[in-house]
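First the structure, in the form of structure tokens, and then the observations on it.
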Amino acid sequence: MNIPVADFHCDVLMKLLEDNKLSFQEDATGQLDVTLQKLKQSGAVFQTFAIFTSLTQRAGIEPVLESIDLFHRQVLTNPEIQWVRSKEDLKASISGGRIGAMLSIEGMDRLNGNPAMLRSLYELGVRAAGFTWNNANWAADGAMEERGAGLTAKGKEFVRLCDELGILLDVSHLSERAFWDMADTASRTILASHSNASSILPHKRNLSDDQIKAIIALQGVIGVTYVPYFVSGHSPVTIEDLLRHIERICELGGEQHVMLGSDFDGIEVYIDQLTGPQDVQHLQDALLKRYSEEQVRRFMSGNAIRFLLQHLPDGRS
Ligand SMILES: [Zn+2]
């Protein structure tokens with residue numbers, strides 16, 4: 157049995173941006189975690205592709221636009237992939253047996269607080285936004301910024317603009333104060349694309365029980381992430397360790413709110429037996445030992461798809 161998989165975070169566009177010889181369609185180098193082949197093998201129905209340029213040395217908006225260009229030239233050119241910008245796109249993608257591909261942005265540093273940049277990114281297909289990476293920027297403090305400040309006035313303005321446009325708000329990298337500011341300012345829902353439970357492993361990138369409960373109360377979703385140091389303090393980190401985070405979110409009332417946010421291609425170390433999309437079967441098997449098939453279907457894609465069908469914009473004619 158291969159249960160459909162939806163994954164809310166990967167950084168393959170970053171690797172393609174850094175090395176123009178790499179290919180998503182046919183990766184001969186083995187350097188990419190997420191490739192067309194491995195997604196197909198995993199039973200993927202949906203994958204978010206993050207625009208992540210915080211580690212890119214060049215200044216300005218160009219790396220953001222180049223990432224979108226790579227998404228078009230390397231990802232969307234495959235007939236097995238369908239671009240997801242609306243509810244209708246996602247429905248068509250699922251009924252056509254294709255892999256839905258959605259753009260998100262991780263860190264808005266390069267938008268410089270300019271609403272025209274955000275509106276343009278919406279037009280180019282960006283449907284989810286994390287305002288920061290780990291550092292601070294004009295919008296907010298990130299999770300690893302010592303100051304720990306919340307959203308700026310401009311950041312709050314951008315929360316409202318995202319809600320108006322139909323760009324989903326991603327809290328994963330925010331400082332705790334910025335998280336609560338975003339939860340208070342948002343008029344719709346929020347999501348955490350790739351974060352775990354800090355009551356299982358205390359880490360600034362993980363979410364406290366109160367934060368998890370707040371996301372659930374706002375009808376949001378939480379993608380458990382395979383980053384070993386957000387999963388467990390010992391080594392090797394195993395799939396069983398990851399299951400403890402899923403269990404915790406469920407204990408807090410999140411059975412309908414757990415999803416997956418691998419962070420593949422954003423990590424250099426892996427959970428044992430979870431080194432790429434082709435390994436997600438191992439996670440599925442471990443889940444099936446502990447949960448019903450219906451529950452496992454929810455965790456692996458059902459919750460994410462339901463959420464998207466509820467919150468993505470309606471398709472334009
Ligand atoms: Zn990240």
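Residue numbers 157 to 473, in my numbering, belong to the letters of the sequence shown in order. Yeah, the Cβ is synthetic: ideal placement off N, Cα and C, and Gly gets one too. Predicted model, so just to flag it, every value in this text is computed and none were measured.
Self-check item: V377 and L399 closer than 9 Å at C-beta
Solution: no
Quiz item: Does ligand 1 have a heavy atom nearer than 8 Å to the CB of F180?
Solution: no
Quiz item: Helix or strand or just coil, what does DSSP make of L465?
Solution: helix
Quiz item: Taking just the CA atoms, how far does L408 sit from E396?
Solution: One C-alpha to the other measures close to 19 Å.
Practice problem: For R454, collect the residues of the same chain with a Cβ closer than 6 Å to its Cβ; drop the 5 residues on either side in sequence, then sort them by chain order. | Solution: none
Quiz item: Does the distance from the C-beta atom of L444 to that of V452 stay below 9 Å?
Solution: yes
Quiz item: Going along the chain, which residues of its own chain have a beta-carbon closer than 8 Å to the beta-carbon of H359, five neighbours each way excluded?
Solution: N352, Y385 and F386
Quiz item: Considering only residues of the same chain and omitting the five flanking positions on each side of M258, which have a CB-CB separation below 6 Å?
Solution: T204, V240 and R283
Quiz item: Whose C-alpha, out of A248, G281, L232 and I250, is nearest the C-alpha of L324?
Solution: G281
Self-check item: Contact set for R266: own chain, Cβ-Cβ below 6 Å, skip 5 residues either direction
Solution: I217 and V220
Exercise. Check each candidate in A295, G304, D326 and R344 and name the one with the smallest Cα separation from D319.
Key: If we check each option's Cα against that of D319, R344 comes out closest.
Quiz item: Taking buried to mean at least 16 other C-beta atoms within 10 Å of its own C-beta, is L465 buried or exposed?
Solution: exposed
Practice problem: Count the other C-beta atoms from every protein chain shown that fall within 10 angstroms of the C-beta of H390, then say buried if there are 16 or more, exposed otherwise. | Solution: exposed
Quiz item: Taking Cβ to Cβ, would you say D326 is nearer than 9 Å to E403?
Solution: no
Quiz item: Counting pairs of beta carbons, one from the segment 179-194 and one from the segment 220-236, are three or more of them closer than 8 Å?
Solution: In this structure the segment 179-194 lies against the segment 220-236, because at least three pairs of beta carbons, one per stretch, are closer than 8 Å.
Quiz item: If we count the other Cβ atoms within 10 Å of its Cβ and call it buried at 16 or more, is G286 buried or exposed?
Solution: buried
Quiz prompt | Contact under 9 Å by Cβ, L169 with F227 | solution = yes
Quiz item: What number of angstroms, rounded off, separates the C-alpha of H438 from the C-alpha of S364?
Solution: 27 Å
Quiz item: Is there at least one non-hydrogen atom of ligand 1 closer than 8 Å to the beta-carbon of A206?
Solution: yes
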